[in-house]
Each structure stands twice: as structure tokens, then as C-alpha cells.
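These notes concern the structure reproduced below.
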Amino acid sequence: MQKYIAVIILLLVSYCLFITQNDSIAKTNFIYRKHYNISKNDNAEVAEMCDTMAYNLWFGNDSDTLTNGDILYYKYDCNDFFLIKKSPKSVDTLFFMSSGLHPRLAYIFIKELKKHLLFRAGCSGNGPCYYILMDKITLKEKKVFEELIYTGETDSNTCIMYFNKNIDKIIVHNLNNNKKKKIDIIESRFTDVIPEYQFYEKTFYNDIITLKYFYMINEKSYDDSLSINIKSIQ
14 MQKYIAVIIL LLVSYCLFIT QNDSIAKTNF IYRKHYNISK NDNAEVAEMC
64 DTMAYNLWFG NDSDTLTNGD ILYYKYDCND FFLIKKSPKS VDTLFFMSSG
114 LHPRLAYIFI KELKKHLLFR AGCSGNGPCY YILMDKITLK EKKVFEELIY
164 TGETDSNTCI MYFNKNIDKI IVHNLNNNKK KKIDIIESRF TDVIPEYQFY
214 EKTFYNDIIT LKYFYMINEK SYDDSLSINI KSIQ
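Okay, so the sequence shown: first residue is 14 according to this note's numbering, each after it adds one.
If you want it as C-alpha cells, here you go:
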């Protein structure tokens, strides 16, 4: 008898959980329908609209104004995603992809330079990303870089940094004048799958870029830093 009672109680609990879950989903769908004015019977469209919420979280209504007054902004719906550059004379699409793809794959504006725009794009779930240098006039890609150590995104200089192919030097590259400087490093310290991610703090002051990084020896973590004077390539 007790066995049957236990089974009945288990069935009742399962039924209550099922009802609660369905009620939660129904409330969520109602919120999306109300916000986007979607038909009650169009569940597929609700699902698509829910997907665009990720773009809202990543981009919102943000825009960037360039030094010449042109505006960069994002436009997206259930089907397509665009990066637009708007000027008094034209409206140009710099990047396009399906809205079904993750926002981290899109072009993300990093920095305006003298003749170029720098974007980050194509980031996988745990990295790496790549970086696109685009001509401001022709809107054509001039160069594509793999993962960068330093982008200078919020700094006043126009340099980026990346490893050479052998990962035994760091290249400091001024994107405005194309001057470069090579920095020797201790190669054995940079052995992570994405060694660029070993740099966890980057600062710039008085022509000096300081990079703090960690490295491992016998499963023990150590910290160190590099200070690089970029005055010679400014």
C-alpha cells in the first residue's frame, strides 16, 4: 500500500513541475509577443525574436561617430545583421551576416586611425578572434591580423601588438605610419593554447606600454611584466 502511495505522490509532483514549467514558458512568450506585437499563434516568430535579444545585449542602440562626422551603427532583425556607416553622401554596409549566428562573430568597432578603422570579429566561444584593418575611404579590408596581445582600444597611441610566427618575439606595429619594433621575449613562458590571453593587464603612460602577464612552471603560476617604449615608432 505504501508503495502505491509513493508512486501517486511522485506522479503528482511531476505533474505540478510540468504545469509550472509550461506556465513559465507561456509567460515568457507573452512578454515577447507584447513587446514585439507578435501574433499569439506564431510561436516560430516568437523564437526568432527571442534570438535577437542577444544582439540587444551586445549592441543595444550604440553608435560611434568618426572624426569626419560619419556614424557607425548596428542594424538587426530576425533575419539579418548589418554594420552600417552613414555619411551625408552615402549609407554603406561594412558587414553582413545572418541573425542566427552569435554576435561575437560580428565586426566589433575597436578604434579609428588616421586612414583606417580597426574591427574585431570571428571570435569563437573561448577565443581566439581576428582583427580587420579597413580603409576608411574605399571601405576595403587592407589587412587581417590573428589574435592580438594589445589593441590600444582606449589608449591615445595607434599601436597594436602581436606575436611573430615562432612566438619568440612581440611585434609592436604602429598602424598609422606602419613602423614596427621587435621585442625579444622568453619563449618558454608563452605556451598556452592562446598565449595572447596570458596578458591580463595593459596600461599606457608617457610613451610606455606596460603588459602584465602570467606563466606556468611545474604547475605553479608566476607573474611578470614587459615595459615597451614606443617613442621610436610614433
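A virtual CB, placed ideally from N, CA and C, is assigned to each residue, including glycine.
Pairwise C-alpha distance: V104 and K297:
Outside the shown range of the chain (14 to 247) lies residue 297, about which nothing can therefore be said.
Distance CB(L118)-CB(G140) smaller than 8 Å
no
Evaluate M229 with the Cβ neighbour count: other Cβ atoms within 10 Å of its Cβ, from every protein chain shown; 16 or more gives buried, anything less gives exposed.
Within 10 angstroms of the beta-carbon of M229 lie fewer than 16 other beta-carbons, which makes it exposed.
Judging by CA-CA distance, which residue of T216, D236, I221, N177 is the nearest neighbour of R271?
Missing from the structure shown is residue 271; the chain here goes from 14 to 247 and no further.
In terms of residues, what are the limits of the beta strand (DSSP E) holding S238?
233-242
Check for me: the beta strand (DSSP E) holding V4 runs from which residue to which?
Outside the shown range of the chain (14 to 247) lies residue 4, about which nothing can therefore be said.
Quick check on A39: does DSSP put it in helix, strand or coil?
Any reading at A39 must be qualified, since the residue scores a pLDDT of 36, below 50, and its modelled position is unreliable; the value itself is stated next. In the three-state DSSP reduction, A39 falls in the helix class (H, G or I).
Quick check on the DSSP output: the beta strand (DSSP E) that includes F158 runs from which residue to which?
154-158
Per DSSP, what kind of secondary structure is E125 in: helix, strand or coil?
strand
Enumerate in chain order the residues of its own chain whose CB-to-CB distance from T164 is below 8 Å, with the five nearest sequence positions on each side excluded.
Here the set comprises I123, K124, L131, R133, Y144, I173.
For the region 147-232, which segments carrying the beta strand (DSSP E) assignment without a break, of at least 3 residues, lie completely within its bounds, in sequence order?
154-158, 172-176, 182-187, 193-197, 212-218, 221-230
Mapping DSSP to helix, strand and coil, what is L79?
coil
Buried or exposed: T171, going by 16 or more other Cβ atoms within 10 Å of its Cβ?
buried
In angstroms, rounded to a whole number, what distance separates the CA positions of E159 and K102?
33 Å
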